[in-house]
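Chains as they are written, first to last, in the numbering used here: chain A, 1 to 288; chain B, 1001 to 1298. Okay, structure first, notes after.
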Amino acid sequence: MMELRRTLTGRIALTAIATVILLFLALPIVVILVTSFSNNAFAAFPPDSWTLGWYKALFADGSKWPAALSLSAFVAALSTVFSLIIGVTAATALTRSELPLRSAVYALVLGPLLIPQIVTALGLFLLFEPASMLGSPIAIALGHTVLASPIAVLILVATLRGIDERLEDAAASMGAGRLTIARRITFPLAAPGMIAAAIFSFITSFDEFYISQFLSSVDTVTLPVQIYNSLTFDIDPSVTAISAILIAFAILALALVALVRWLGSGRQDSLLSVENTAGIAAPGGEAV
Amino acid sequence: MAATLTANAPARPRKLLASRRTRVGILYALPVVVYLLVLFVYPILSTLFLSLKNTDGSLTLHWYVDALTGINLSVLLTTVRISAETALFSLVFGFVLANAISRLKPLWAGVAMLIVVVPHFISALVRTYGWIILLGDKGLVNDTLAKLWVPGAPFQLLYNEIGVVIGTTSVMLPYTVLLLYSVMRGVDRRLLAAAASMGAGRVTIFRRVYLPLVAPGLASAGLLSFILSLGYYITPALMGGPDQTMIASLINQQVMKQNQWNGAAAEGVVLLLLTFAGLLLVKVVTSFGASRKKRSAS
């Protein structure tokens, strides 16, 4: 392969522009992290003096944040359970069986990811309003699952495609039943993918705004809706601290996914002496 | 005789097995299909019906007339304009960045990819808030510009279209970069080398070989960015002024403040149709690109 010759100035210009664009992506995040420790939340960057006051204010008496945080965590946990059940069954159907109308099922799964979330949210509002389920955490979790389960399905499809079916066939040839194969072979190999699917489902629900806003009531306000309300109606500087916590949470979750992937990566190779050429398909690689 | 035996013998069990595998497949596909039919397809169909229903229950198109005239039409046009601007800027910045990353050494490419991917998983609400802090009169951007003696600083960067497009572009950009990066990884570098070996200059190679190869990927990435921008609500609502109201804000207002569900449903269907039109274009562009790739390979 021949690399094209590039001039030094061209190279410097390219690096400079790329750095500016990366700054464009990173700055809004960095500024929140820094400002959350600043004594004056609305001015002067970098800050003159530092404080933990905004974080303390989050958990002070009468603060709305703990309730919003625990509601969001509860809804996200429920939604993660629903998404995993749907994800595991759907991924099994899509990778380990002859499925009629497979591409229609794929289109259905991708639908919620491509259609504007406000339309999905409006539809769910029209569904749950007559059932007087507005404000119910269950309704919000069911709604979030519409968005989170497709992500779980795509991750788990990629995971199951990456597992060599010969391992399952080998176990079957030695007399293992289907449950034993699932428990002893497929599940241990798919565990990293399932953890990744769980984490991404959780984040999707935890950060979701549109459905939460349509389905929430005065008493059930999820964290993103509370943040949005603080930014539009009552200016509350502790919103910086909660945003910083959300950022830390997202970074932690991504690190966890990376760690699980890394720990799981060696597993199959030790079981397979033949080189595994299946690879891991890109999520949604088959569709669109 | 022996040949037909061996040919026929596995056929029956395989057929049996196939039908068993089909039954298992349908059984396992049921949860996702039923779930999404009930909580995704049915709600959207009922939105469609609501948008066609008069207050007395008869069929009508007048909600669509409302949605496509007067102030609502201008909101629709604003939505298309801001989405187009967002898609254009994401595409240009995304192209430069993805191109740079695909040329970097693995370590630096990894670091750069991390800076792209991490924001993608941080809520758009939080990133929008970050921009509100940055772009204020005394924010970092104006502060820096003032210190550099840029004439006219501080600029009004919030509550107008500049602010909105900065915000939406920054929310969209990670996605566009990821799309473009996979397009660029798919380019056969030997074609560029072949062109260079035949004496083509860098500009010629870029224009005549590289660009045609990535053009379908660029077009579909741009279209997808455009489609996904159409439904933005948080960023325009928080960073824009009244002139930057997008269709999602309108839907929200009609449901929450005016209790006007039929109108909101019609707006939703218009947004849905715009999305479908965009997806259809993506499909056309992708199949066009696939046929071109086949030709260039042969």
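Backbone N, C-alpha and C define an ideal beta-carbon position, used for all residues, glycine too.
So which of the options has the shortest CA-CA distance to residue i?
i, options, result
"B/L1125", "A/N229, A/L8 and A/T9", "A/N229"
"A/V153", "A/S173, A/G111 and A/T222", "A/G111"
"B/Q1260", "A/L126, A/S72, A/N40 and A/L84", "A/L126"
"B/E1085", "B/S1170, B/A1193 and B/I1115", "B/S1170"
"A/L23", "B/L1037, B/S1197 and B/G1130", "B/G1130"
"B/A1112", "B/S1123, B/A1098, B/F1121 and B/I1122", "B/A1098"
"A/D219", "A/P137, A/D236, A/P192 and A/G264", "A/P137"
"A/R161", "A/M174, A/G135 and A/G193", "A/G193"
"A/R166", "A/I155, A/L189 and A/L156", "A/L189"
"B/V1092", "B/I1234, B/A1265, B/A1290 and B/L1218", "B/L1218"
"B/S1225", "B/G1025, B/L1179, B/G1070 and B/N1252", "B/L1179"
"A/S72", "A/T232, A/W262, A/S201 and A/T240", "A/S201"
"B/S1287", "B/L1272, B/S1220 and B/V1033", "B/S1220"
"B/L1238", "B/I1132, B/L1045 and B/I1101", "B/I1132"
"B/L1191", "B/Y1210, B/W1063, B/T1235 and B/T1204", "B/Y1210"
"A/F82", "B/P1031, B/T1144, B/D1243 and B/A1200", "B/P1031"
"B/Y1181", "B/G1136, B/G1163 and B/V1116", "B/V1116"
"A/I12", "B/A1248, B/T1079 and B/R1103", "B/R1103"
"B/P1212", "B/L1076, B/P1242, B/R1127 and B/D1188", "B/D1188"
Quick one: grab the DSSP three-state call for residue i.
i, result
"B/L1059", "strand"
"A/S38", "strand"
"B/K1053", "strand"
"A/A281", "The predicted position of A/A281 is uncertain, since its pLDDT is 34 and thus under 50; a value taken from the coordinates is nonetheless stated next. Reduced to three states, the DSSP call for A/A281 is coil."
Within the 8 Å Cβ cut-off, does residue i reach chain A?
i, result
"B/S1291", "no"
"B/S1102", "no"
"B/A1146", "no"
"B/S1051", "no"
"B/T1047", "yes"
"B/P1174", "yes"
"B/L1338", "Given a span of 1001 to 1298 for chain B in the structure shown, any question on residue 1338 of chain B remains unanswerable."
"B/F1089", "no"
"B/L1191", "no"
"B/Y1129", "yes"
"B/R1021", "yes"
"B/S1231", "Residue 1231 of chain B is actually Gly in this sequence, not Ser. At least one chain A Cβ lies under 8 Å of B/G1231."
"B/V1080", "no"
Any Cβ of chain B within less than 8 Å of the Cβ of residue i?
i, result
"A/I32", "yes"
"A/I17", "yes"
"A/A93", "yes"
"A/T220", "no"
"A/E98", "yes"
"A/L71", "no"
"A/P116", "yes"
"A/Y210", "yes"
"A/L254", "yes"
"A/S132", "no"
"A/A182", "no"
"A/P47", "no"
"A/T186", "no"
"A/E286", "The pLDDT assigned to A/E286 is 33, lower than 50, so where the model puts this residue is not dependable; a value taken from the coordinates is nonetheless given after this. A/E286 does not count as touching chain B."
"A/I163", "no"
Going along chain A in order, which residues have a C-beta closer than 8 Å to the C-beta of residue i?
i, result
"B/I1115", "L22, L25 and A26"
"B/L1271", "P116, I118 and V119"
"B/F1093", "I21 and F24"
"B/A1112", "A18 and L22"
Going along chain A, which residues have a C-beta under 9 Å from residue i?
i, result
"B/W1261", "L122, F125, L126 and E129"
"B/T1275", "L114, I115, P116 and V119"
"B/Y1028", "V88, T89, A90, A91, T92, A93, L94, R96, S97 and L99"
"B/P1212", "Correct list: empty, because the minimum Cβ distance to chain A is about 17 Å."
Run through chain A and tell me which residues come within less than 7 Å of residue i, C-beta to C-beta.
i, result
"B/F1040", "G111, P112, T120 and V146"
"B/V1024", "S97"
Under 7 Å Cβ-Cβ, which residues of chain B neighbour residue i?
i, result
"A/D207", "S1123"
"A/I85", "P1031"
"A/Y55", "The premise fails here: A/Y55 is roughly 16 Å from chain B at the closest Cβ pair, so nothing lies under 7 Å."
"A/T290", "The requested residue 290 of chain A does not occur in the structure, where chain A is confined to residues 1 to 288."
Under 9 Å between beta-carbons, which chain B residues line up against residue i? List them in chain order, please.
i, result
"A/L14", "V1096, N1099, A1100 and R1103"
Taking C-beta pairs closer than 8 Å, name the residues in chain B that residue i reaches, listed in chain order.
i, result
"A/S149", "V1032, Y1035 and L1036"
"A/A250", "V1118, F1121, I1122 and S1123"
Can you name the residues of chain C whose CB is closer than 7 Å to the CB of residue i?
i, result
"B/A1221", "The chain inventory of the structure shown lacks chain C, comprising the protein chains A and B."
Open item on the list: Could you tell me which whole alpha helix (DSSP H) segments of length 4 or greater appear in the region 1122-1199 of chain B?
Closed with: 1124-1135, 1140-1147, 1161-1185 and 1189-1197
Task: Length-filtered (4 minimum) alpha helix (DSSP H) runs lying within the region 104-169 of chain A - done: 117-128 and 137-162
Open item on the list: Restricting to runs no shorter than 4 residues, where is the alpha helix (DSSP H) found entirely within the region 210-265 of chain A?
Closed with: 210-215, 223-232 and 238-265
TODO: Pick out the complete alpha helix (DSSP H) segments inside the region 1242-1295 of chain B, 4 residues or longer, and give them in chain order.
DONE: 1247-1256
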